[in-house]
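Trainee: Residue numbers (my numbering), protein chains in the order written: chain A, 1015 to 1597; chain B, 189 to 427. Attaching a single structure in structure tokens format; questions to follow.
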Amino acid sequence: MNAFRRRAAAEIRTEHPSTTLTPIMRKLVADSAAMLGHGPEDARLRAAAARAHTVDHLEELHREVRANFERRGIGYHVAATPAEAVGIVRRLLGEAKRVAKSKTMVGEEVGLTHALRAAGIDILETDIGEYIVDVEGRGPSHITAPAIHLNRARIRELLARRGASLDDDDPERLSRYVRDIVGEYFQDCDAAITGANLVIASSGRIGIVENEGNVSLGVSHPKLHISITGYEKVIADEAAALAVFEVLAPSATAQPLTSFTHFLADPAPGQQRHVVFVDNGRTRILADSRYRDVLKCIRCGACMNGCPVYRAAGGLSYGSPYMGPIGAVISPLLWRDGRYADLPFASSLCGACTEVCPVGIPLHRMLLDLRADAVQQGRATAVERAEWRAWALAFGGATRARASSALARIVLHGAGRFIRPAGTRDDPRLLPEPRSARDPAHLRPAGPSAVPVVIAERDAGTPPADLVDLFRLRAGDLGVSVVSEAPAGARGIVLEAAAAVASTGSVLLTGDSAARRPLLAAERVIVRVNPETIVHYPSYLLPYLGDGDALLLTGASRTADIEKQIVRGIHGAEDLIVVLAEA
Amino acid sequence: MALVALFDPCYMNALRPDDAGHARRVLEALGDEVRLIDGRCCGQPAFNSGFTSDARTVGRGLLRAAQPHEVIVVASGSCTAMVRHHLPGLFPGTRGDAAAKIGSRFREFGDYVATHPSLAGLPLKLEGVVAYHDACHARRELGVSSYALDLLSRVEGLELRRLAHEEECCGFGGSFSVKLPEVSTAMMSAKLDDVRATGAQVLVSGDLSCLAHLEAGARGLGITLETWTLAELLSRALA
């Protein structure tokens, strides 16, 4: 019951996680709130409702997914346990020997990389952060920013271990170094394993968000694409999916949307696609009314970004693939053997997690219930049980309680008051008159305040009402050039957008325009947008999504895996140009 | 002139026995007639540690003592939140409903005073500089932070300095600070850095639990810091 304490104390002593994490997370929480402010006011409520619908209709939605996967030729698999999940993936991989893996928390949960390597399969972690923590060998410390515990100097050292000779530790240089390794691997690999953020029941499309383009490569290059995800990740329809996407990236990384938001439909000719849904105790959680709402989670990580315990102890202290408040709730629920029974106690119950959760999960209340469960399961020590019994006895009656308080005063202050006479306790005159001995000098300040004055956000003013102007502003924020005529003689690929989103500066590509291979190969991407098709918020894209493959592009491919510093142009062009032109 | 009960929480009675006297002075200055409930505990320490049945035993005693009163004022956001939001859930069925009914009559001190009809006539004056610590339960479970700030802004001559990252926990968390002292201390140090940056040497909060934690930490780090509850500050401002 004190594994967290042991790990946290060691982390604090040797690594001092707070030095790296606190400034990053403070900024992230503020930026996330500002980014959510760019979206519709009811975004969190709609996202919460969309996820609540899933929790209430899980089996029904799975039947729908299964039927739609059949229509599209996508394989549908359910694994009850981590071992079963690994077994299914191994069987699907068949003869595949070189596998490109992108980020999947469920993959971490079932120990996928480790198990497949043990079976002699060559796996490359293709997400830059995951690649780095794979070299380090201690696992991810955050669900959306796996290498957040490492600073640039440390990352350079780690890469040097793999033979990299890097002139300096500039995040751009480090990121591009890993990018090149990943890009080369994709030239010759047999299969890709990705996660999935959601699976849409009404259409059988798979929703995946990513920034770097490694998922884009994975779903388009190898002949086999296996997606592994949680059994609860199904969602009713496109409207519900868009509601989730409206809050996911703002809450996770303070982005309007990730660079790539994929809606994957039928596999390309000659390609195979499978989805493995992992239960691992989720249906059991569903049956417990106290905890079922935790299945609404969209794995954004906002709760850990806002958590002071996470910032002080770091993600590795949790010893679980899931860290922070969400990890403290779901780890003991997924693994019932008691190995994470102490995690619900790793919280001061300040409620910051519940406050930031975009889908309204009452995380800190669940922690309280889990603590009660741990005690009921007999996980508290005999000494602690005896202490609380003695305490209940002491405070169960007023006289005994007064005696205990007096005793505490004596213990705490070395000399205490004697017990006040009992019997007339509701007479306030028996209260001692306040001491006067306060040092009035202390009311004088030691000096002027050095608290930094908060400077209002640059664009705190009213955003433009005109959708075209708003689109220009938000796309510009992302480094996208918005022009009215294609630059003369510009090389690159020219694509027609089906629609665009003003609040996020995104362009929607459908059908052939959504083909990832040419998009990623182009040195510059020019997207033609008809101003008539610019909608205000992502959820208004519904009529433009079609039924096939779709890709929502929001700025150029990028990463922020090293110290949250943004590096543009990872897999895919750094230059994204939008040409506003009537059709 | 209203008849109110003042609940003096167990830990305050132990740590700062004067504090209920300060709260009483303020309530009486507002014209209220005050009855005392002491020698009771809301059950939170056990509840937060997972010992729900011990919490229920202790909490039941408080609810019984509170039953005859229309309004019970508590100079602690944390205890108020426990009684209002968590304690009723420990009792099944109709007993839970009855507990919720009594629980709903508990009012956090700052909330009660700031919305008191006689507040405008209260002469509050104190020369000096204080910083304000926003306790998590007052802020998030009760949503009463603005009342404390409003009251402090009414004190003539008082300069109120706000902390950077006011929304961050001080690291106390009851048994949390005992079970995970290393993490708790790391959080406390971050908060003390923010307190020190204000330049103020007196820290005010509606919750003594946070203050006692921070004061002990400041002493350990050699930082000059007095901690006053909101009740103490208002009571001294009356003088």
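For every residue, glycine included, the Cβ atom is placed at its ideal position computed from N, Cα and C.
1. Around the C-beta of glutamine 232(B), are 16 or more other C-beta atoms found within 10 angstroms, so that it is buried, or is it exposed?
2. Taking only three categories from DSSP, how would you classify arginine 1538(A)?
3. Taking 8 Å as the CB-CB cut-off, is serine 1463(A) touching chain B?
4. Does chain B have any CB closer than 8 Å to the CB of aspartate 1453(A)?
5. What in chain B is Cβ-close to tryptophan 1608(A), meaning under 9 Å?
6. When you compare only the Cα positions, how much space is there between glycine 401(B) and proline 1185(A)?
7. Taking the alpha helix (DSSP H) that serine 372(B) belongs to, which residues open and close that run?
8. List the residues of chain B whose Cβ lies closer than 8 Å to the Cβ of cysteine 1203(A), in chain order.
9. Would arginine 1439(A) pass as an interface residue toward chain B - the criterion being a Cβ-Cβ separation below 8 Å?
10. Put alanine 1436(A) into one of helix, strand or coil per three-state DSSP.
11. Going along the region 330-356 of chain B in order, which residues come within less than 9 Å of chain A, judged by CB to CB distance?
12. For leucine 421(B) and glycine 1125(A), I'd like the C-alpha separation in whole angstroms.
13. Taking 8 Å as the CB-CB limit, is threonine 415(B) close to chain A?
14. Run down chain E in chain order and give the residues with a C-beta less than 9 Å from the C-beta of phenylalanine 1485(A).
15. Any C-beta of chain A sitting closer than 8 Å to the C-beta of leucine 402(B)?
16. Check distances from the C-beta atoms of the region 1022-1046 of chain A to those of chain B and list, in chain order, the residues that come in under 7 Å.
17. Leucine 1188(A) lies in the alpha helix (DSSP H); which residues open and close that run?
18. By DSSP, does leucine 251(B) sit in helix, in strand, or in coil?
19. Please state the DSSP three-state secondary structure of phenylalanine 1274(A).
20. Return the CA-CA distance between glycine 1341(A) and isoleucine 1249(A), expressed in angstroms with no decimal places.
21. Taking the continuous beta strand (DSSP E) assigned at histidine 1091(A), which residues delimit it?
22. Does the region 1135-1149 of chain A come close enough to the region 1311-1321 of chain A to have 3 or more Cβ pairs within less than 8 Å?
23. Where does arginine 159(B) sit, in a helix, a strand or coil, going by DSSP?
24. What ranges does the alpha helix (DSSP H) occupy inside the region 280-340 of chain B, keeping only unbroken runs of at least 4 residues that lie completely in it?
25. Within the same chain, show all residues whose beta-carbon is closer than 8 Å to that of alanine 217(B), passing over the 5 residues directly before and after it, in chain order.
26. Report yes or no: do the region 1379-1393 of chain A and the region 1048-1064 of chain A share at least 3 C-beta pairs separated by less than 8 Å?
27. Please return the same chain residues whose Cβ sits closer than 6 Å to the Cβ of threonine 1368(A), not counting the five positions on each side in sequence.
28. With a floor of 3 residues, list each beta strand (DSSP E) that falls wholly inside the region 1096-1145 of chain A, ordered by position along the chain.
29. Measure the C-alpha to C-alpha separation of aspartate 1056(A) and alanine 1022(A) and round it to an integer number of angstroms.
30. Kindly indicate which residue of Phe1291(A), Met1337(A), Ser1520(A) and Arg1530(A) has the alpha-carbon position closest to the one of arginine 1542(A).
31. With DSSP collapsed to three states, give me the class of alanine 1327(A).
32. Check whether the Cβ atoms of tyrosine 199(B) and serine 397(B) sit closer than 8 Å, and answer yes or no.
33. Which two residues bound the contiguous alpha helix (DSSP H) that contains isoleucine 1222(A)?
34. Could you tell me which chain A residues have their CB closer than 8 Å to the CB of phenylalanine 360(B), listed as they occur along the chain?
35. Could you check whether the region 1095-1109 of chain A touches the region 1238-1252 of chain A, counting it as contact only if at least three pairs of C-beta atoms, one from each stretch, sit closer than 8 Å?
36. Is the CB of valine 1308(A) under 8 Å away from at least one CB in chain B?
Mentor: In short:
1. Counting of Cβ neighbours within 10 angstroms places glutamine 232(B) among the buried residues, the total reaching 16 or more.
2. Three-state result, arginine 1538(A): strand.
3. yes
4. yes
5. Residue 1608(A) is absent from the model: chain A starts at 1015 and stops at 1597.
6. At residue 401(B) the sequence reads histidine, which differs from the glycine that was named. Histidine 401(B) and proline 1185(A): Cα-Cα distance of roughly 40 Å.
7. In the DSSP annotation of this structure, the continuous segment of the alpha helix (DSSP H) that includes serine 372(B) starts and ends at 369-386.
8. The premise fails here: cysteine 1203(A) is roughly 42 Å from chain B at the closest Cβ pair, so nothing lies under 8 Å.
9. Confidence at arginine 1439(A) is low in this model, with a pLDDT of 41, below 50, so its placement is unreliable and the value that follows should be read with caution. Arginine 1439(A) counts as touching chain B.
10. Note that alanine 1436(A) has pLDDT 36, beneath the 50 cutoff, so the model's placement of it is unreliable and the number below is only indicative. The answer is coil: DSSP assigns alanine 1436(A) none of H, G, I, E or B.
11. Leu346, Glu347, Arg349, Arg350, Leu351, Ala352, His353, Glu355 and Glu356
12. 56 Å
13. Not an interface residue.
14. Any reference to chain E falls outside this structure, whose protein chains are A and B.
15. no
16. Ala1022, Ala1023, Ile1026, Ser1032, Thr1036 and Arg1040
17. 1185-1201
18. helix
19. strand
20. 22 Å
21. 1088-1093
22. no
23. Look at the range of chain B in this structure, 189 to 427, and you will see that residue 159(B) is not part of it.
24. Counting only runs that start and end inside the region 280-340 of chain B, the alpha helix (DSSP H) elements of at least 4 residues fall at 281-291 and 297-302.
25. Leu310 and Leu426
26. no
27. Pro1376, Leu1377 and His1378
28. 1112-1115 and 1136-1139
29. 38 Å
30. Shortest Cα-Cα distance from arginine 1542(A) to any of Phe1291(A), Met1337(A), Ser1520(A) and Arg1530(A) involves Ser1520(A).
31. helix
32. yes
33. Unbroken run through isoleucine 1222(A) is the beta strand (DSSP E), 1220-1224; no alpha helix (DSSP H).
34. Ser1362
35. yes
36. no
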